[in-house]
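Heads up, the final residue of the sequence shown is numbered 526 in the UniProt record's numbering, and it's a clean run with no missing numbers. Built from N, CA and C at the ideal position, the CB exists for glycine as well. Since the model is a prediction, treat every value here as computed from it, not as a measurement. Everything below concerns the one structure shown next.
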Amino acid sequence: MEWMVDPSAWVGLLTLVILEIVLGIDNLIFIAILVEKLPPALRDRARVLGLSLALIMRLVLLSVMSWLIKLTDPLVALGPMSFSGRDLILIVGGFFLLFKGTLELHERVEGKAVHATGARMHASFWVIVTQIVILDAVFSIDAVITAVGMVDHLSIMMIAVTIAIGIMLVASKPLTRFVNAHPTVVILCLGFLMMIGFSLLAEGFGFTVPKGYLYAAITFSVSIEVLNQVARRNMRRIETIRPLRERTAEGVMRMLGKRPLMGPEPQQPDTEEAAPVFGDEERYMVSGVLTLGDRSINSIMTPRTDISWIDLDDDPAEQREQIARAPHSFFPVCRGSLDEVIGIGRAKEMIADLMTHGHLRLSRLRDPIFVHESTGVLRLMDTLKRSKGQLVLITDEFGAVEGVVTPIDVFEAIAGEFPDEDESPDIVVEGEDRWRVDGAADLHHLELLLNTDDLVDEEEGYSTLAGYLLERFGHLPATGDSCELRQDHATFTFTILRLDGRRIATVQIERTYHQTDDTSDMSEHD
1 MEWMVDPSAW VGLLTLVILE IVLGIDNLIF IAILVEKLPP ALRDRARVLG LSLALIMRLV
61 LLSVMSWLIK LTDPLVALGP MSFSGRDLIL IVGGFFLLFK GTLELHERVE GKAVHATGAR
121 MHASFWVIVT QIVILDAVFS IDAVITAVGM VDHLSIMMIA VTIAIGIMLV ASKPLTRFVN
181 AHPTVVILCL GFLMMIGFSL LAEGFGFTVP KGYLYAAITF SVSIEVLNQV ARRNMRRIET
241 IRPLRERTAE GVMRMLGKRP LMGPEPQQPD TEEAAPVFGD EERYMVSGVL TLGDRSINSI
301 MTPRTDISWI DLDDDPAEQR EQIARAPHSF FPVCRGSLDE VIGIGRAKEM IADLMTHGHL
361 RLSRLRDPIF VHESTGVLRL MDTLKRSKGQ LVLITDEFGA VEGVVTPIDV FEAIAGEFPD
421 EDESPDIVVE GEDRWRVDGA ADLHHLELLL NTDDLVDEEE GYSTLAGYLL ERFGHLPATG
481 DSCELRQDHA TFTFTILRLD GRRIATVQIE RTYHQTDDTS DMSEHD
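This is the structure we're talking about:
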């Protein structure tokens, strides 16, 4: 141990430690890639075992360095070419690195490693350890030869190798975590390993590749990757500046198959990329949940003209027939007018009263629940929960009844229409890209069905197709009148089929696809 008092020996030790770490980085990176294939519980064990084997192998090779030096003597001759034991080790190691690097690169480019699931995703522990041992043998040759060429004392070599492996052991876990968290870094490292494998193969065949070229290429590639990671981080930082609500809404809109307001131009509807992530029914339900809080009561209630109510002034036989004819559980009970509500009656109780007593008993009626039309849907849901299934009456600012809401109306706002026995569907598919729609159809569900986002306007007071068309025409249209809604990829034609007094009763909608950059506009045709 006389070298301990020699300052130059300490400088050599420090230099050799640095060189051993540099030479071991590629070994460490490949170990990080290999242990990723193991179950999480075994990865630390495999990493520590792999580096421990590397240390043992290098110490053994240093101990028999006299034998290692003799490996440069010719061992096999093939024609004019002769190969030493060292050459054969380099050739086998180079082939191994090229084969393994190509296999790993193919898996990541094809996405197999990403999409594998379950037990099939994990390799056998000892298979990975065996690959690490082969890897250690290949990379230990250069490390040991470097140590032999740097210093003269065996103890200095062993101390330097031990310190370098110890440092690598400490840094292996964060390096593994970093490599696994950045797919582009893995691809870059695999490229390095394939380049090193090619250089080992060339050196084994007698063609020396200057290490400076390799280090220059690696340094340049690492610099580019550093800039790439910085650019990605800056983009993520800019993205986080946008409001969370805006980013969430944009992500949901993309999942629903609809373009964001400020997003890129939509692709053509017949392309595979235009297919939404969700199916139609799922898309309706997700959109219904997300938009429920912003909808008005008018958009989900049964309007005044469609309310079934019982008039106390009617004949009992007529009352009984009306209750039996309508498939409802609750009815508003009024006197002469819908605005004169006396109470809410349960159908089976009122039928029993009419059969037993010949009239409705007012004592059995429930107190009516009134909600103003400006109340939000979420607050209305709280009222419906307290009503225990009873209907809720919607009134305007003058106290006139505008409509009724039941729990099923809220459910339909989320999941779509569920017509009663005495009702027909609001939207009927008549053919490909052609629909017959009731004027009272909800615009939210119609918008989802047509896969457009230009029907609902929160600034306007309408919530039905009839209201939308009245606002577009500017007057009550006649039967046969039509108007168009032009978009980037399609044109929707709305034709009035039937009027019911001053109400638009039935509309036919046709969609034709086209390729144009014209902006959406509205034109009227008589």
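- Less than 7 Å separates the beta-carbon of residue 482 from that of residue 493.
- Across the structure, residue 390 and residue 40 are spaced so that their CA atoms are roughly 55 Å apart.
- When the beta-carbon positions are compared, residue 136 and residue 53 come within less than 7 Å of each other.
- Using a Cβ-Cβ distance cut-off of 8 Å, the stretch 468-477 and the stretch 399-416 are not in contact, since fewer than three pairs of beta carbons, one from each stretch, lie closer than that value.
- DSSP assignment within the stretch 300-350 yields the following whole beta strand (DSSP E) runs of 3 residues or more, N-terminal first: 330-334, 341-346.
- Separation of the CB atoms of residue 433 and residue 484 is rounded to 14 Å, and the pair is thereby denied contact status at 8 Å.
- Straight-line spacing of the CA atoms in residue 285 and residue 299 works out to 16 Å.
- In this structure, 55 is the residue among 131, 171, 55 with its C-alpha nearest to the C-alpha of residue 160.
- Note on the stretch 355-391: whole beta strand (DSSP E) runs with a minimum of 3 residues are 370-372, in chain order.
- Distance from residue 34 to residue 132 at the Cβ level is roughly 6 Å; contact confirmed, criterion being Cβ atoms closer than 8 Å.
- Residue environment for residue 468: buried (at least 16 other C-beta atoms within 10 angstroms of its C-beta).
- In the structure shown, residue 513 falls within a strand segment according to DSSP collapsed to helix, strand and coil.
- Under the criterion of beta carbons closer than 8 Å, residue 368 and residue 407 do not qualify as touching, at roughly 16 Å.
- Annotation for residue 404: the continuous beta strand (DSSP E) segment containing it runs 401-405.
- The beta-carbon distance between residue 125 and residue 51, rounded to whole angstroms, is 16 Å. This is too long to meet the 8 Å contact definition.
- In this structure, the CA atom of residue 363 is about 14 Å from the CA atom of residue 334.
- Residue 351 and residue 320 have their C-alpha atoms roughly 6 Å apart.
- Put simply, of 14, 436, 302 the residue whose alpha carbon is nearest the alpha carbon of residue 393 is 302.
- Relative to the Cα of residue 452, the nearest Cα in the group 427, 486, 224, 207 belongs to 486.
- In the structure shown, residue 425 falls within a coil segment according to DSSP collapsed to helix, strand and coil.
- Of the candidates 86, 28, 194, 448, the residue whose Cα lies closest to the Cα of residue 106 is 194.
- For residue 473, there is no enclosing beta strand (DSSP E); the residue is part of the alpha helix (DSSP H) that begins and ends at 465-473.
- According to DSSP, residue 74 shares a beta bridge with 84.
- Per DSSP, residue 397 is not a residue of any alpha helix (DSSP H), being assigned neither H nor E.
- Under the 10 Å beta carbon count, residue 430 is surrounded by fewer than 16 other beta carbons and is classified as exposed.
- According to the DSSP assignment, residue 485 belongs to the beta strand (DSSP E) that extends over 482-486.
- Per DSSP, reduced to three states, the secondary structure at residue 99 is helical.
- Residue 456 carries a coil assignment under DSSP once its states are collapsed to helix, strand and coil.
- When secondary structure is reduced to three states using DSSP, residue 233 falls in the helix class.
- Take residue 226, set aside five residues on each side of it, and no residue of its chain has a beta-carbon closer than 8 Å to its own.
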